[in-house]
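Colleague:
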Amino acid sequence: MIPFLAIAAAAGMAACQGCKPPATGAASAEADADTGATRPTVRLYVLSTVAGALEPCGCTKDQLGGIDHLAALIESQRGEAPDHLVVGAGPMLFMEPEVKPDRRSQDAWKAEAMALAAKEIGLAAWAPGENDWALGAESLAKYQEQAGAALLARNLEGEKGVVVRDVAGVKVGLIGVSDPKGRTGAYPDGVKAGPAIDALKAGVEEAKKQGATVFVGLAALPRGEALRLADNAPELHVLVLGKPSERGDVNDGPKPPVLIGTTLVVETPNHLQSVAVVDLFVRGKGDGPLVFADAGGVSKAEELISLSARIRELEIRLNSWEGSKTVSAKDVADRKADLEKLRAEKAKLEAAETKVTGSFFRYSSVEVREKLGADKEVAGQLLAYYKRVNAHNKEAFADRVPEPPAKGEASYIGIDACTNCHDEERKVFDGTAHARAYATLQQDFKEYNLDCVSCHVTGYGKPGGSTVTHNASLQNVQCEECHGPGSLHAKDPEKKGLIQLSPAPDSCVTQCHHPPHVEGFEPMAKMQLILGPGHGRY
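71 is the number of the first residue of the sequence shown in the working numbering; add one for each residue after it.
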């Protein structure tokens, strides 16, 4: 499935300053006196290394991510910030730099769904990463057209590097650079790269000639190299960072924004876990170049990250306790009280104001969560994607059958065969979430989706097991997923060693119950949810 939130990263998740930037108050009253304005001149919504993450898998409660939620956030803030740009850096379209042949159609349509959603959120430009060329330059050009966004990489031969947008009478220059080479040092076919620093500096000059007074750099580079851009191009007001390449579904933790000289450097966690919001307030009519002072956000970002980490840790713990019979009501109440205290402390820190004069910026980070709502248009696009993939894969993989087991090895027989001798255990199983695992896919048109099905059937991809289409007797997470294939045990129930009688509690962690699919999974506690009289309890 589409992955989100490694538990190691969860401890540092998204330095969020609330779903809206700090309200304009005393901190900006003096600076606003000449215009009376209380809303930003330009708002930037910043994305880093999205890497094809349309939404989290949804296996646990309140996971971070979802482009439909991001779209809802942007739409909800249109009134307070009508003059805004959405920008990004790093891979946007694909989770991996290479597409496996059997996934080509699904991944191509997923990239298309991402491009169409990017158009809905108003993506203005992004600096691409290696993954964006996964299906070649021709496909990338098609996706770029569907997104309606500029692909900016001035140091790549033949690529556009600068676009200037007029926002509320302020000309904003967007300048992109990228180094999309893979692990072996090779670039995608047809891609030739030059020095990023020289290209960025030249891009700033080009933007100046087009009348830009605000300069935003987009860099898909290794972080250390990207940070040097700010030293070499001090005219940049904001520098957005993203990875040059991304692999796998593991989620990163947050990185605090930093000021290098007067350049605000921003990088958000990958996979749309959060979005950075940078509000730029242009004040005065001086003849010199614009300089934005920090009116809130950067100076307290690390403290907010720490608080957000503790909050997220408690949220995950409380989510994991849901339905547990082993946790006392007092413990739950105490942790909820701790959570509210931390939230109040964080809100107080966010509300703290910094007095500034002249032009200034405010930074905040917003966790992308279900509570933001779902944009109807984008949600419809996602549903269309899932339906399209489901219909295609059902036919495309109709002939894919599991490999037979080696001679003398067991195969999977399904829970109905197990029930012949284990009726009490079956009754326990029927009352668990495992018994409804496949239905959760069917209701969302995902039962043939290659990102999802493996964790919702038994023996997936194993000899004598199941495949994406051949799983009729092995749907749901059945007995054999933990106890092993049972054909030999069924033939000779008294013979020892043919079945795993007491699976280790953490055995399921390696299969499915691991980050980012599941947050805060405690095997010993969760084991109790699938036990009962006749199944582990006597």
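Think of the CB as a built atom: it goes at the ideal place given N, C-alpha and C, for glycine as much as any other residue.
So, helix, strand or coil for K406, using DSSP?
Modeller: If DSSP states are grouped into helix, strand and coil, K406 belongs with the helices.
Colleague: Could you pull out every residue in the same chain whose Cβ sits closer than 6 Å to the Cβ of A142, ignoring the five residues on either side in sequence?
Modeller: These residues qualify, in order along the chain: L442, G443, A444 and D445.
Colleague: Go through its chain and collect everything with a Cβ distance to Y433's Cβ below 6 Å, but skip five positions before and after it.
Modeller: So the qualifying residues of the chain are P327, V348, G367 and V368.
Colleague: Would you identify the three-state DSSP class for V234, choosing helix, strand or coil?
Modeller: It is a strand residue.
Colleague: Could you tell me the alpha carbon to alpha carbon distance between Y482 and P126, rounded to whole angstroms?
Modeller: Y482 and P126: Cα-Cα distance of roughly 30 Å.
Colleague: Compare the Cα-Cα distances from E508 to each of V448, S524 and G354 and report the closest residue.
Modeller: Reading off the sequence, residue 508 comes out as Tyr, not Glu. Residue S524 is the option with its Cα nearest to Y508.
Colleague: Taking DSSP's pairing of strands, which residues face W179 in a bridge?
Modeller: Its beta-bridge partners do not exist; DSSP assigns none.
Colleague: Looking only at C-alpha atoms, which of K566, G294 and V157 sits nearest to P198?
Modeller: Ranking the options by Cα distance to P198, first place goes to V157.
Colleague: Can you find the residues in the same chain that come closer than 8 Å, C-beta to C-beta, to P603, ignoring five residues on each side of it along the sequence?
Modeller: So the qualifying residues of the chain are E494 and V498.
Colleague: Quick check: the stretch 231-249 against the stretch 173-184, are there 3 or more CB pairs under 8 Å?
Modeller: Output reads no: the stretch 173-184 does not touch the stretch 231-249.
Colleague: Is the Cβ-Cβ distance between V242 and V352 less than 8 Å?
Modeller: No, they are not a contact pair.
Colleague: Could you say which of I245, R439 and H492 lies nearest to L306 if we only look at CA atoms?
Modeller: Selected option, being the one with the closest Cα: I245.
Colleague: Going by C-alpha distance, which of I330, L140, G358 and T396 is nearest D364?
Modeller: Of the listed residues, the one whose Cα sits closest to D364 is I330.
Colleague: Spell out a yes or no on whether the stretch 415-428 and the stretch 113-124 are touching, meaning 3 or more CB-CB pairs, one atom from each, closer than 8 Å.
Modeller: Result no; under three Cβ-Cβ pairs closer than 8 Å.
Colleague: Near T510, what residues of its chain come up, given a Cβ to Cβ distance below 8 Å and the 5 sequence neighbours on each side ignored?
Modeller: H526.
Colleague: Any idea which residues DSSP pairs S118 with across the strands?
Modeller: For S118, which the question treats as bridged, DSSP gives the partners A159.
Colleague: Can you tell me the Cα-Cα spacing of N546 and A505, whole angstroms?
Modeller: One C-alpha to the other measures close to 6 Å.
Colleague: Indicate whether the contact test is met: 3 or more Cβ pairs, each with one atom in the stretch 205-225 and one in the stretch 471-478, closer than 8 Å.
Modeller: Counting Cβ pairs under 8 Å, fewer than three are found: no touch.
Colleague: Quick check on the DSSP output: the alpha helix (DSSP H) that includes W203 runs from which residue to which?
Modeller: Per DSSP, W203 belongs to no alpha helix (DSSP H) and is neither H nor E.
Colleague: With a Cβ-Cβ cutoff of 8 Å, do S315 and G273 count as a contact?
Modeller: Taking 8 Å as the Cβ cut-off, S315 and G273 do not qualify as a contacting pair.
Colleague: Please return the same chain residues whose Cβ sits closer than 7 Å to the Cβ of P92, not counting the five positions on each side in sequence.
Modeller: In this prediction, P92 scores a pLDDT of 37, lower than 50, which makes its location untrustworthy; no coordinate-derived value is stated.
Colleague: Report the residue from E227, L193 and A399 whose alpha carbon sits nearest the alpha carbon of A266.
Modeller: Nearest of E227, L193 and A399 to A266, Cα basis: E227.
Colleague: Mapping DSSP to helix, strand and coil, what is S577?
Modeller: Helix at S577.
Colleague: Should P563 and C488 be called a contact, given that it needs their Cβ atoms to be closer than 8 Å?
Modeller: Not closer than 8 Å, so no.
Colleague: Verify the contact flag: A219, CB atom, against every heavy atom of the ligand COA, threshold strictly below 7 Å.
Modeller: This structure does not include the ligand COA; it has no bound ligands of any sort.
Colleague: Report buried or exposed for R607, applying the criterion of at least 16 other Cβ atoms within 10 angstroms of its Cβ.
Modeller: By the 10 Å Cβ count, R607 comes out exposed.
Colleague: Can you tell me whether L124 is buried or exposed, with buried defined as 16 or more other CB within 10 angstroms of its CB?
Modeller: Per the 10 Å Cβ criterion, buried.
Colleague: List the DSSP bridge partners of K311.
Modeller: Lys is not the amino acid found at residue 311; the sequence shown has Leu there. DSSP output for L311 lists A289 as bridge partner(s).
Colleague: Using 8 Å as the threshold, is the stretch 157-171 in touch with the stretch 126-140, meaning 3 or more CB pairs across them?
Modeller: The answer is no - the stretch 126-140 does not touch the stretch 157-171, with fewer than three Cβ pairs under 8 Å.
Colleague: Should E465 go down as buried or exposed, given a rule of 16 or more other Cβ atoms within 10 Å for buried?
Modeller: When all chains shown are included, E465 counts as exposed.
Colleague: Under 8 Å between the Cβ atoms of T283 and L222?
Modeller: No. Outside cutoff.
Colleague: With a threshold of 16 other CB atoms inside 10 Å of the CB of K131, please say whether the residue is buried or exposed.
Modeller: Counting Cβ neighbours within 10 Å, K131 comes out exposed, since fewer than 16 surround it.
Colleague: Report the rounded CA-to-CA distance for V588 versus K278, giving the unit in angstroms.
Modeller: Rounded to the nearest angstrom, the two C-alpha atoms are 48 Å apart.
Colleague: Please report how far the alpha carbon of I137 lies from the alpha carbon of L342, in whole angstroms.
Modeller: Going by the C-alpha atoms only, they are around 7 Å apart.
Colleague: Should A417 be labelled buried (16 or more other beta-carbon atoms within 10 Å of its own) or exposed?
Modeller: Under this definition A417 is an exposed residue.
Colleague: What three-state label does DSSP hand D364 in the structure shown?
Modeller: DSSP places D364 in strand when its eight states are reduced to three.
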